[in-house]
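Note that our numbering has the sequence shown beginning at 84, numbered continuously upward.
Backbone N, C-alpha and C define an ideal beta-carbon position, used for all residues, glycine too.
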Amino acid sequence: MGDEDFKQVLYTINSRGERKWVYPQIIKGFYFHRRRIVAYALILFYLCLPWIQINGKQAVHINIPERLFIIFGHTFWATDTIYLAIFFAFMGLCLFFFTSVFGRVWCGWACPETVFLEFVFRPIEILIEGSPAQRLRLDQAPWTFSKIRKKFMKHFLCAAFAWIIGSTALAYFIGRDPLLRMMQDWPWHNPGPFGLTMLAMGVMAFQFGWFREQFCTILCPYARFQSVLMDQHTVTVGYDVARGEPRGKKAKDGEKLGDCIDCGLCVRVCPTGIDIRNGNQLECISCTACIDACDSIMEQLGRAPGLIRYDSEAKLAKGEEVKGGAVRRTVYAVALGILVVAFLYQLMNRQTLDVTIIRGAYDKPYTYLPNGQISNHVSVRVTNKSSESHSVTISTEASNFELITPINPYKVPAGVKENIPLFIRFPFEVLENGKARLDVKVVDKRGEAHMIPFTVIGPDKKEQTNEASSK
Numbered sequence: 084m085g086d087e088d089f090k091q092v093l094y095t096i097n098s099r100g101e102r103k104w105v106y107p108q109i110i111k112g113f114y115f116h117r118r119r120i121v122a123y124a125l126i127l128f129y130l131c132l133p134w135i136q137i138n139g140k141q142a143v144h145i146n147i148p149e150r151l152f153i154i155f156g157h158t159f160w161a162t163d164t165i166y167l168a169i170f171f172a173f174m175g176l177c178l179f180f181f182t183s184v185f186g187r188v189w190c191g192w193a194c195p196e197t198v199f200l201e202f203v204f205r206p207i208e209i210l211i212e213g214s215p216a217q218r219l220r221l222d223q224a225p226w227t228f229s230k231i232r233k234k235f236m237k238h239f240l241c242a243a244f245a246w247i248i249g250s251t252a253l254a255y256f257i258g259r260d261p262l263l264r265m266m267q268d269w270p271w272h273n274p275g276p277f278g279l280t281m282l283a284m285g286v287m288a289f290q291f292g293w294f295r296e297q298f299c300t301i302l303c304p305y306a307r308f309q310s311v312l313m314d315q316h317t318v319t320v321g322y323d324v325a326r327g328e329p330r331g332k333k334a335k336d337g338e339k340l341g342d343c344i345d346c347g348l349c350v351r352v353c354p355t356g357i358d359i360r361n362g363n364q365l366e367c368i369s370c371t372a373c374i375d376a377c378d379s380i381m382e383q384l385g386r387a388p389g390l391i392r393y394d395s396e397a398k399l400a401k402g403e404e405v406k407g408g409a410v411r412r413t414v415y416a417v418a419l420g421i422l423v424v425a426f427l428y429q430l431m432n433r434q435t436l437d438v439t440i441i442r443g444a445y446d447k448p449y450t451y452l453p454n455g456q457i458s459n460h461v462s463v464r465v466t467n468k469s470s471e472s473h474s475v476t477i478s479t480e481a482s483n484f485e486l487i488t489p490i491n492p493y494k495v496p497a498g499v500k501e502n503i504p505l506f507i508r509f510p511f512e513v514l515e516n517g518k519a520r521l522d523v524k525v526v527d528k529r530g531e532a533h534m535i536p537f538t539v540i541g542p543d544k545k546e547q548t549n550e551a552s553s554k
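Quick look at the structure:
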């Protein structure tokens, strides 16, 4: 590959357009150990979260059929769109802020693709198939019993971990207890959840067994965002050209070489196969593997570490701190702070009850009563968003209307949506053009009152006259 070809061609594609497999070498240096701690902490958090209870509820439960979300003890319903809007705005600004400051730190440290591949599936591969050179020889070797045995063991263990990961993902959506009951039953009794688990396993087998780094360079849109979110003041993984060039292992007569001995270890450890010495590239996920590799060589040579390091392009180019980019980052930080305050304010002032009045789809608009009054049959839908049950009382201050419910006060359990049947009786005289308005008052046990304006309907004068004459 020529000096400029890296700008036009992916490292994982050869001159014939075929896939080049990457067999990255593992250097257990300073950053590797810290990435491993972060990765296993994230994996443990992901696997344990559905089994943790807060306020008697699953810590995180995304219940799509019932259109409710339980997040750390708080229940959010489909009508709580303000929280969803703030959340997505917050996540978007986090993307802008952290990328502008730290580059692709998410990709290298916390992305599920990186975490599961580098710290679950890659270690299994190394354990069974050996070092990168051994894996390369094994893949190029003809199929023998030993090769089949190793491939089967590797894929069997990877499938087992994929099943655990997929089942855990399912627990976030259908709930921990239903999942346990389904796992104790035959798969064909629960074809939907079982099919989703198998689908998740299949996707992970494809991704971590074959597609791998291609996802980062071909499918993931985050890499494309870099061009607008990063600038020369963004801290990212970079190569110090001034210190490293010209490269070489042994200087010729009168030639002065840089610190880079052109050993190529920074390329051999890269999970996407790039050469970081060519500068910032789309394929770089800031995993810091090249930093650990280069520092290990510098240590052996007795030279200072940091030839490849976390730094900004501006500082790497000029060799000194360059100020800039502070305004944009300050705007992002202030906006993030505003969103956090807005979310906490909304959460602290959140109404525990959501009350609406609806008409039945198949109910008559109104009914004549034997005493000459008119009756409307409706439902009072009360959604209890709190973590404790509430007793609600339904009444009205309008003197000409009578409200009748089966039970009053009515107990609404925590996190439940109840439809309370309500009959509204009133004389014909209150109607104007067949309509009349009143306020329905719903009060909980703490005195929190909800005034719901509602329009009752009945016959107009002409219909009333026709009804009377027919009798």
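Simplified DSSP state of H316, which is helix, strand or coil: Numbered from its first residue, the sequence shown carries residue 316 at position 233. H316: coil per DSSP, three-state reduction.
Per-residue DSSP class, three states only, for G156: In the sequence shown, residue 156 corresponds to position 73, counting from 1. It is coil, neither helix nor strand.
CA nearest to the CA of C241, picked from R259, Q290 and R187: The residue labelled residue 241 in the question sits at position 158 within the sequence shown. Selected option, being the one with the closest Cα: Q290.
Rounded straight-line distance, which links the Cα of L93 to that of L219: Translated into the one-based positions of the sequence shown, residue 219 becomes position 136. Translated into the one-based positions of the sequence shown, residue 93 becomes position 10. Using only the alpha carbons, I get a separation of about 20 Å.
Beta bridge counterpart(s) of I457 as assigned by DSSP: Counting from one through the sequence shown, the residue named residue 457 turns up at place 374. Partner(s): Y451 and F509.
Through-space distance from S478 to F155, alpha-carbon basis: The residue you call residue 155 lines up with position 72 of the sequence shown. The residue you call residue 478 lines up with position 395 of the sequence shown. Answer to the nearest angstrom: the Cα atoms are 35 Å apart.
Whole-angstrom distance between A254 and G191, CA atom to CA atom: Within the sequence shown, numbered from 1, the residue matching residue 191 stands at position 108. Within the sequence shown, numbered from 1, the residue matching residue 254 stands at position 171. Each residue's Cα considered, the two are about 27 Å apart.
Check: R307 C-beta below 8 Å from any heavy atom of the ligand NAD: The ligand NAD is not part of the structure shown, which contains no ligands of any sort.
Complete runs of the beta strand (DSSP E) confined to the stretch 146–198 [at least 3 residues]: 151–154 and 157–160
Residue(s) in a DSSP beta bridge with P536: Translated into positions along the sequence shown, residue 536 becomes position 453. DSSP, once it has assigned bridges, lists D522 as partnering P536.
Meets three-Cβ-pair contact criterion under 8 Å: the stretch 176–191 and the stretch 431–444: no
Pairwise C-alpha distance: T317 and K332: Mapped onto the sequence shown, residue 332 falls at position 249. Mapped onto the sequence shown, residue 317 falls at position 234. The straight-line gap from Cα to Cα measures roughly 32 Å.
Separation of N361 from M84, as counted between CA atoms: In the sequence shown, the residue the question calls residue 84 occupies position 1. In the sequence shown, the residue the question calls residue 361 occupies position 278. The predicted model places M84 with a pLDDT of 48, which falls under 50 and marks its position as unreliable, so this point remains unresolved.
Endpoints, alpha helix (DSSP H) assigned at D378: Translated into the one-based positions of the sequence shown, residue 378 becomes position 295. From DSSP, the alpha helix (DSSP H) with D378 extends over A372 to L384.
Cβ-based burial, K140 [other Cβ within 10 Å; buried from 16]: Locating residue 140 in the sequence shown gives position 57, counting from the first residue. Buried, because 16 or more other Cβ atoms sit within 10 Å of the Cβ of K140.
Under the three-state DSSP convention, the category M84 falls into: As a working mapping, residue 84 is identified with position 1 in the sequence shown. In this predicted model, M84 has a pLDDT of only 48, less than 50, meaning its place in the structure is not dependable enough to derive any value.
Residue interval of the beta strand (DSSP E) (run including V438): If you number the sequence shown from 1, residue 438 lands on position 355. Looking at the DSSP string, the run of the beta strand (DSSP E) that includes V438 is L436 to R442.
Nearest-angstrom Cβ-Cβ length linking D527 and I535, presumed shorter than 8 Å: Indexing the sequence shown from 1 puts residue 527 at position 444. Indexing the sequence shown from 1 puts residue 535 at position 452. The pair is not a contact, with the Cβ atoms about 14 Å apart (cut-off 8 Å).
The stretch 294–309 / the stretch 270–279 touching (three or more Cβ pairs under 8 Å): no
Buried versus exposed, by CB contacts within 10 Å (16 or more), S472: Position 389 of the sequence shown holds residue 472. Flag for S472 reads exposed.
Host beta strand (DSSP E) of E485 (start-end): What you label residue 485 is simply residue 402 of the sequence shown in a count that begins at 1. Segment E485 to I487, the beta strand (DSSP E) holding E485.
I359 versus P206: straight-line alpha-carbon distance, rounded: By 1-based counting over the sequence shown, the position of residue 359 is 276. By 1-based counting over the sequence shown, the position of residue 206 is 123. Approximately 24 Å, taken between the alpha carbons.
Chain-order list of residues whose beta-carbon lies under 6 Å from that of V461 (same chain, five-residue window excluded): On the sequence shown, position 378 is the one that residue 461 refers to. Cβ within range, chain order: I440, R442 and L505.
First through last residue of the alpha helix (DSSP H) which encompasses K234: As a position in the sequence shown, residue 234 is number 151, starting the count at 1. Its alpha helix (DSSP H) spans residues F228 to I257.
For S478, the residue or residues it bridges with in DSSP: Taking the sequence shown and counting its residues from 1, the one referred to as residue 478 is at position 395. BP columns for S478 point to K524.
Secondary structure of Y94, DSSP reduced to three states: Position 11 of the sequence shown, counted from the first residue, corresponds to residue 94. If DSSP states are grouped into helix, strand and coil, Y94 belongs with coil.
Residue of F509, G213 and T413 minimising C-alpha distance to R520: On the sequence shown, residue 520 is found 437 positions in, with the first residue counted as 1. Per the Cα distances, F509.
Opening and closing residue of the beta strand (DSSP E) in which D323 lies: Looking up residue 323 in the sequence shown gives position 240. That residue, D323, is in no beta strand (DSSP E); it is neither H nor E in DSSP.
Same chain, Cβ closer than 7 Å to Q297, five either side skipped, listed in chain order: Numbered from 1 along the sequence shown, position 214 holds the residue referred to as residue 297. Taken in chain order, the residues that qualify are T95.
Residues of its chain near P329, where Cβ-Cβ distance is below 7 Å and the 5 sequence neighbours each way are ignored: For the purposes of this step, residue 329 is taken as residue 246 along the sequence shown, with counting starting at 1. Excluding sequence neighbours, P329 sits near L340 and G341.
Same chain, Cβ closer than 6 Å to A122, five either side skipped, listed in chain order: As a working mapping, residue 122 is identified with position 39 in the sequence shown. Correct list, in chain order: V198 and F202.
Span of the alpha helix (DSSP H) around I207: Counting from one through the sequence shown, the residue named residue 207 turns up at place 124. Taken as a continuous stretch (DSSP letters only), the alpha helix (DSSP H) holding I207 covers R205 to E212.
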